[in-house]
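*Asks:* Under full-length UniProt numbering, the first residue of the first sequence is numbered 1, with each subsequent residue one higher. Every residue, glycine too, gets a C-beta built ideally from N, C-alpha and C.
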Amino acid sequence: MSRLVMHVDIDAFYAAVEQRDRPEWRGRPLVVGAEPGRRGVVATCSYEARRFGVHSAMPIAEAVRRLPAETVYVRPDMARYAEVSREIMRVLGALSPIVEPVSIDEAYLDVSGLERLVGPPEVVARRTKAAIREAVGLTASVGIGPNRLIAKLASDARKPDGLLVVRPEEVRAFLDPMPLGALRGVGAVTARRLEQTGLRTVGDVRARPLEELRRRFGARIGTQVHLQSNGIADDRVHPAAERQSISKETTFAEDVVDSDVLRETLRWAAQEVGYLARHAARKGTLVTLKIRLHPFETHTRSRTLAAPTADDRILFDTAWDLYRADTHAGRAVRLIGLGLSGWAQAPVQPDLFADMESREQDPADDRLDATLDAIRRRFGRHCIQRGLSRRP
DNA sequence: TCTGGGGTCCTAGGACCC
DNA sequence: TCTGGGGTCCTAGGACCC
Numbered sequence: 001m002s003r004l005v006m007h008v009d010i011d012a013f014y015a016a017v018e019q020r021d022r023p024e025w026r027g028r029p030l031v032v033g034a035e036p037g038r039r040g041v042v043a044t045c046s047y048e049a050r051r052f053g054v055h056s057a058m059p060i061a062e063a064v065r066r067l068p069a070e071t072v073y074v075r076p077d078m079a080r081y082a083e084v085s086r087e088i089m090r091v092l093g094a095l096s097p098i099v100e101p102v103s104i105d106e107a108y109l110d111v112s113g114l115e116r117l118v119g120p121p122e123v124v125a126r127r128t129k130a131a132i133r134e135a136v137g138l139t140a141s142v143g144i145g146p147n148r149l150i151a152k153l154a155s156d157a158r159k160p161d162g163l164l165v166v167r168p169e170e171v172r173a174f175l176d177p178m179p180l181g182a183l184r185g186v187g188a189v190t191a192r193r194l195e196q197t198g199l200r201t202v203g204d205v206r207a208r209p210l211e212e213l214r215r216r217f218g219a220r221i222g223t224q225v226h227l228q229s230n231g232i233a234d235d236r237v238h239p240a241a242e243r244q245s246i247s248k249e250t251t252f253a254e255d256v257v258d259s260d261v262l263r264e265t266l267r268w269a270a271q272e273v274g275y276l277a278r279h280a281a282r283k284g285t286l287v288t289l290k291i292r293l294h295p296f297e298t299h300t301r302s303r304t305l306a307a308p309t310a311d312d313r314i315l316f317d318t319a320w321d322l323y324r325a326d327t328h329a330g331r332a333v334r335l336i337g338l339g340l341s342g343w344a345q346a347p348v349q350p351d352l353f354a355d356m357e358s359r360e361q362d363p364a365d366d367r368l369d370a371t372l373d374a375i376r377r378r379f380g381r382h383c384i385q386r387g388l389s390r391r392p
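(1) Considering only DSSP beta bridges, list what Ser302 is partnered with.
(2) Have a look at Thr223 and Glu24 and give me their C-alpha separation to the nearest angstrom.
(3) With a 10 Å radius around its C-beta and 16 neighbouring C-beta atoms as the bar for buried, classify Ser103 as buried or exposed.
(4) May I ask you to report which of helix, strand or coil DSSP gives Ala15?
(5) Taking the C-alpha atoms as reference points, what is the distance between Asp365 and Arg167?
(6) Whole angstroms is fine: what's the gap from Glu170's alpha carbon to Leu194's?
(7) Quick check on the DSSP output: what are the complete beta strand (DSSP E) runs of length 3 or more inside the region 54-111, in order along the chain?
(8) Which same chain residues end up closer than 8 Å to Arg331 when comparing Cβ atoms and leaving out the 5 residues on each side of it in sequence?
(9) Use the C-beta contact count for Arg214: other C-beta atoms within 10 angstroms, 16 or more gives buried, fewer gives exposed.
(10) Mapping DSSP to helix, strand and coil, what is Pro308?
(11) From the DSSP secondary-structure annotation, give me the bridge partner or partners of Trp343.
(12) Just to confirm my understanding: we take Thr201, look at its own chain, exclude 5 residues before and 5 after, and list those with CB closer than 8 Å. What are they?
(13) In this structure, does DSSP put Ser46 in helix, strand or coil?
(14) How far does the alpha helix (DSSP H) with Val165 in it extend, from its first residue to its last?
(15) Taking the continuous beta strand (DSSP E) assigned at Glu195, which residues delimit it?
(16) Are at least three pairs of beta-carbons, each pair with one atom in the region 110-125 and one in the region 244-255, less than 8 Å apart?
(17) Excluding the 5 residues flanking Ile98 on each side, which residues of the same chain have their C-beta closer than 6 Å to its C-beta?
(18) How about Asp161 and Asp11: are their beta carbons less than 8 Å apart?
(19) Could you spell out where the beta strand (DSSP E) holding Gly203 opens and where it closes?
(20) Thinking C-alpha only, which one of Asp77, His55, Val225 and Val333 is nearest Leu67?
As structure tokens, this is what we get:
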């Protein structure tokens, strides 16, 4: 029996919450993000704003230039969004016992067993959308497919308020026309590299031999794009994984040279990180200082401690020491912050193969297993690390 | 145009050990 | 005097995701 994965994504989440709670903002361009006139970017914007070409991660100054005067700008209210998110995840938990939240407004669900209980995938998807709308008054886009990749692309394909089910026999036709950036792990840099060799769509990648892709782009990326272009991806859904690190950083309104300001900012970050770590019942051994210098040059400096800690004072002393010892000390600083990781008793992360080999054999896994076996035979047992699996 | 903040994972060189 | 091979840890940087 093949698995059925559903991806749920709330449309323009932060902006939708704001418009839901302030009716006078509905129907108007709305931006949630940095304050206009200061440094920062758009976190999310309403669909009315997207019509002007504005999108997430766009510098706020550029958004202001593009948007009309009646645009509403609001700062994010994370506590409120988190509350709405918890309610949405609760609703999803009532639909399937296997829910994996991937961010504040997105989740994967294993809906394999729901056919007999609820009905065909389309019905499951419609019910999900209706339940979310009823519970929190927001619209969601929902995609269902044989694995995470296809489910995610299916939910993206009909946004906003979308619904799409892609069946196994439809996967290739669905994927082939997509741009390379649709594949997981292919961002701007990799997409450019792929395009330089004449590859433009997922179908183009699928038409190339695996060996060539591996030779040109490296074992990891080559194998990943090959598998994905054939519609092969992780179909497992697991409950939330543990956090691997906790960090706090801030960008100054203007670049800072005053070391007192840097020191006190680092002290604040250490207190925040220490507090969060203690509340997560975590102690870490790796302290990482992050600085971004003028104009936009990022560096990290880290130190492994002899004993795990969640102590503000130790975090601050370590980070400040790293800063003072750094050759860049004294230059104008745009951003400073620190992180803590390397938890005591770190959870073991099985790699993709280990997990697949220990898994109970399922006839529907044959195609995936055959492909992986072939790759293993040709390139050695350890040629694929984690990578298609985004969570332990 | 001028680039947030919070994360994950991978790579690669050097140290160090056997 | 010149020089193994494998494994793991540490550190810095970078691609990518939401």
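*Replies:* Quick look at the numbers:
(1) Here residue 302 refers to the residue found at position 302 of the first sequence. Note: Ser302 sits in a beta bridge opposite Thr288.
(2) Taking the first residue of the first sequence as 1, we reach residue 223 at position 223. Taking the first residue of the first sequence as 1, we reach residue 24 at position 24. For Thr223 and Glu24, the distance between alpha carbons rounds to 50 Å.
(3) Reading the first sequence from its first residue, position 103 is the one you call residue 103. Burial call: exposed.
(4) Here residue 15 is taken as the residue at index 15 of the first sequence, counted from 1. Helix, per DSSP.
(5) Sequence index remark: in the first sequence, residue 365 carries index 365 (1-based). Sequence index remark: in the first sequence, residue 167 carries index 167 (1-based). Note that Asp365 scores a pLDDT of 39, beneath 50, so its modelled location is shaky; the value from the coordinates is reported in the next line. Approximately 16 Å, taken between the alpha carbons.
(6) The count along the first sequence starts at 1 and reaches residue 170 at position 170. The count along the first sequence starts at 1 and reaches residue 194 at position 194. Cα-Cα distance, rounded: 25 Å.
(7) 72-74, 99-103 and 106-110
(8) Here residue 331 corresponds to residue number 331 of the first sequence, with the count starting at 1. Closer than 8 Å at the Cβ level, and outside the excluded window around Arg331, lie Val257, Leu293 and His294.
(9) As a first step, residue 214 is located in the first sequence; it is residue number 214 there, counting from the start. Buried.
(10) Taking the first sequence and counting its residues from 1, the one referred to as residue 308 is at position 308. It is a strand residue.
(11) For the purposes of this step, residue 343 is identified with residue 343 of the first sequence, where counting begins at 1. Note: Trp343 sits in a beta bridge opposite Gly284.
(12) In the first sequence, counting from the first residue as 1, residue 201 sits at position 201. Same-chain partners within the cutoff: Asp176, Pro177, Met178, Pro179 and Leu180.
(13) Translated into the one-based positions of the first sequence, residue 46 becomes position 46. In the structure shown, Ser46 sits in coil (DSSP, three-state: anything other than H, G, I, E or B).
(14) Indexing the first sequence from 1 puts residue 165 at position 165. That residue, Val165, is in no alpha helix (DSSP H); its beta strand (DSSP E) goes Leu163 to Val165.
(15) As a first step, residue 195 is located in the first sequence; it is residue number 195 there, counting from the start. No beta strand (DSSP E) holds Glu195; the alpha helix (DSSP H) holding it covers Ala188 to Gln196.
(16) no
(17) For this step, residue 98 is matched to residue 98 along the first sequence. So the list reads Asp110 and Val237, once near-sequence residues are dropped.
(18) For the purposes of this step, residue 161 is identified with residue 161 of the first sequence, where counting begins at 1. For the purposes of this step, residue 11 is identified with residue 11 of the first sequence, where counting begins at 1. Yes, these two residues count as a Cβ contact at 8 Å.
(19) Along the first sequence, one-based indexing puts residue 203 at 203. Per DSSP, Gly203 belongs to no beta strand (DSSP E); it is in the alpha helix (DSSP H), Val202 to Arg206.
(20) Taking the first sequence and counting its residues from 1, the one referred to as residue 67 is at position 67. Comparing Cα-Cα distances from Leu67 to each of Asp77, His55, Val225 and Val333, the minimum goes to His55.
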